[in-house]
Structure formats: C-alpha cells, structure tokens
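Okay, structure first, notes after.
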Amino acid sequence: MVGLSRAGWYYTPRGETAENLEIMRRIDEAYTRWPFYGVRRMTAWLGREGEDVNVKRVRRLMREMGLEAIYPKKRLSVAGEGHRRYAYLLKDVVIERPDQVWCADITYLRLRRGFVYLVAVMDWHSRYVLSWGLSGSLEAEFCLRAMEEALRVSRPEMFNSDQGVQFTAEAFTGLLEAQGVRISMDGRGRCFDNIFVERLWRTVKYEEVYLRDYADAEEARERLRGYFRFYNVERPHQSLGYRTPAEVYFAGGRGGSREVGAAARPAAGTPVALRAPSVPAAGGQ
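For the sequence shown, my numbering assigns the number 285 to the last residue and increments by one with no breaks.
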C-alpha cells in the first residue's frame, strides 16, 4: 500500500567501513591544510600516501563529509525548493564593531568509530563563538538551533554564510529576517568570503580535535564545550592585539552569555578595525 518493499522496511543502514573512516580522516587533515584540493587532486595525494582509492570513491566520501574544493566556479548549483540565495554584501566593508557581522559554517568532525558535523556561529569582529552544535547528519535543524541560541546572546546587523541548504532553508532565513538581520551569502566556492570561520576550523582542529581521539559524540561534545570556553575566554589572538574574543566582544557592555559569564567581562579597549575580504574575480585562483 505504501510502495515500500519488505526488504527495504527491514533494512538497517550500515555505517562506513573502518577502511573508509581512515580514508576520511586523512581527507579531513589534508583538506584542513589545503582547502583548494578537489576530488582529483585529493585522489592523487592519497595515492602518493599509499591509499589505493579511485576518483569515484573519493568523490563520494568528500560529499559525505560536506567538503568541496574552494575556488571560483563557472556555474552555481541550483537551489533547493523553497530556498533563496542572497547577494554577498561585505565586499570592502570595514568591520569595526561587535555584532556588525556574524557568520556560520559547518565542518566534518571525526570520531573513533564514525563522525559528526560541527556548526558554529561567530562574531566576525571579535572572533567570539556565540553558539555551536553537533549533529550526526547534515540536516538543517541543528544549524537552526545554533542560530536560535546565538540570538539569545545578541543580534547582528548582518549575517554571512555559504550557500549550503542548511543556511538557505526558509526556516533559517525567515528567522533572521524576522529579527531584522540583513543576509549575505558567499559566492559558492570562494575561499575569502567567509575566511574568518575557515580559520576557526583550522584552529579548533589543530588545537583540539587532532590531539584527541573522541570515542563518541558525547565525548566530543564535552571536550568541545571546554575548548570553546578556552577559545573565547582565555586564548589571546594576535589579530586582536593579544586580547581574547570575549574581551573584544564584551568591551561594549553586552550582557554575558551562558558560556562566558560575568567573570570574563574585560575592561573596555579600542576595537581592531577589519576589512571584509573582497570577492576574487571570476576565473581566478
């Protein structure tokens, strides 16, 4: 009656094999170092490292990981039904205060036997991570929850993200528009449009993820909770004049977040003015 076979009804999905998980670990580390590696270059690199894999397999695994080579492309993908794209609004904009621009992105996170996805919402000016979340799939719901949590802390003037379906979904863009937030979206595959959150992923992976061996999502969640508190409150940033993200973000008297708390509020300081990166010319590298 429902058009579902008996075999399909009783089928239990199988996770990736141990061999594929190891290949995905290596792809993740290589992509973190060289985000411009596409499927063919990644396949060639894996072959030089002794992994006997073909292009089709690497393409499938990178797609599963949500990875895509960063470089200007000639054609943008077709948006999903009910999804809208927005123009990139930040070309040559000077970022000079907290809550002027927020951004968000998703990255692959390896576990001992499997993987999860990590999303973070970050203030561009201060690099302060307002919220984050983990999910076993790339469904949009965990990104929406992270955005809702961030909006409990404050509200940005503009929000920038890539054109992933999680951020173009009507529920996500509708939430921002209801708050009066202007929406900006990267040109697909352009590495400089959302570069600050890309730097965040590199920092998180080299300083936390690659030093651990998370058994499961719960361990990853506990470790990351501690790391993001360290990142926000204790870790000085050279680009911020060796102040912490919390010191810069809360310098204007914003209310404390649940993660930071009143003890982390700093003395007021002069913010560092940043300039939003320009969009590279089409066809460039």
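Ideal Cβ positions, reconstructed from N, Cα and C, are used throughout, including at glycine.
query = Thinking C-alpha only, which one of R113, G226, A146 is nearest G15?
reply = Taking the first residue of the sequence shown as position 1, residue 15 is located at position 15. Cα-wise, what sits closest to G15 is R113.
query = Between E68 and the rest of its own chain, which residues show a CB-CB distance below 6 Å, the 5 nearest in sequence each way excluded?
reply = Taking the first residue of the sequence shown as position 1, residue 68 is located at position 68. So no residue of the chain qualifies.
query = Does the Cβ-Cβ distance between F228 and W124 come in under 9 Å?
reply = Translated into the one-based positions of the sequence shown, residue 228 becomes position 228. Translated into the one-based positions of the sequence shown, residue 124 becomes position 124. Their beta carbons are not under 9 Å apart, which means F228 does not touch W124 by this criterion.
query = D28 by DSSP, collapsed to three states: which one?
reply = Taking the sequence shown and counting its residues from 1, one reaches residue 28 at position 28. Helix, per DSSP.
request  = Less than 8 Å between the CB atoms is what I'm expecting for P245 and S126, so what's the real figure, rounded?
outcome  = For this step, residue 245 is matched to residue 245 along the sequence shown. For this step, residue 126 is matched to residue 126 along the sequence shown. That pair is a contact at about 5 Å.
ask   = Among N20, T32, R41, I106, which has the Cα closest to the Cα of Y210?
value = Position 210 of the sequence shown, counted from the first residue, corresponds to residue 210. Considering only alpha carbons, the answer is T32.
message = On the DSSP letters alone, give me the boundaries of the alpha helix (DSSP H) that W45 sits inside.
response = Taking the sequence shown and counting its residues from 1, one reaches residue 45 at position 45. Element bounds for W45: 39–48.
query = By how many angstroms is the C-alpha of A217 removed from the C-alpha of E208?
reply = Position 208 of the sequence shown, counted from the first residue, corresponds to residue 208. Position 217 of the sequence shown, counted from the first residue, corresponds to residue 217. Distance between the alpha carbons of E208 and A217: 15 Å.
ask   = Is there contact here, the region 25–40 with the region 50–70, by at least three beta-carbon pairs under 8 Å?
value = yes
ask   = Out of curiosity, what's the CA-to-CA distance linking Y117 and E141?
value = To locate residue 117, count along the sequence shown from 1; it is residue 117. To locate residue 141, count along the sequence shown from 1; it is residue 141. Going by the C-alpha atoms only, they are around 12 Å apart.
inquiry  = Do P156 and D105 have their beta-carbon atoms positioned less than 9 Å apart in this structure?
reply    = Counting from 1 along the sequence shown, the entry for residue 105 is found at position 105. Counting from 1 along the sequence shown, the entry for residue 156 is found at position 156. In this structure, P156 does not lie closer than 9 Å to D105 by Cβ.
ask   = Between which two residues does the alpha helix (DSSP H) containing F172 stretch?
value = On the sequence shown, residue 172 is found 172 positions in, with the first residue counted as 1. Looking at the DSSP string, the run of the alpha helix (DSSP H) that includes F172 is 170–178.
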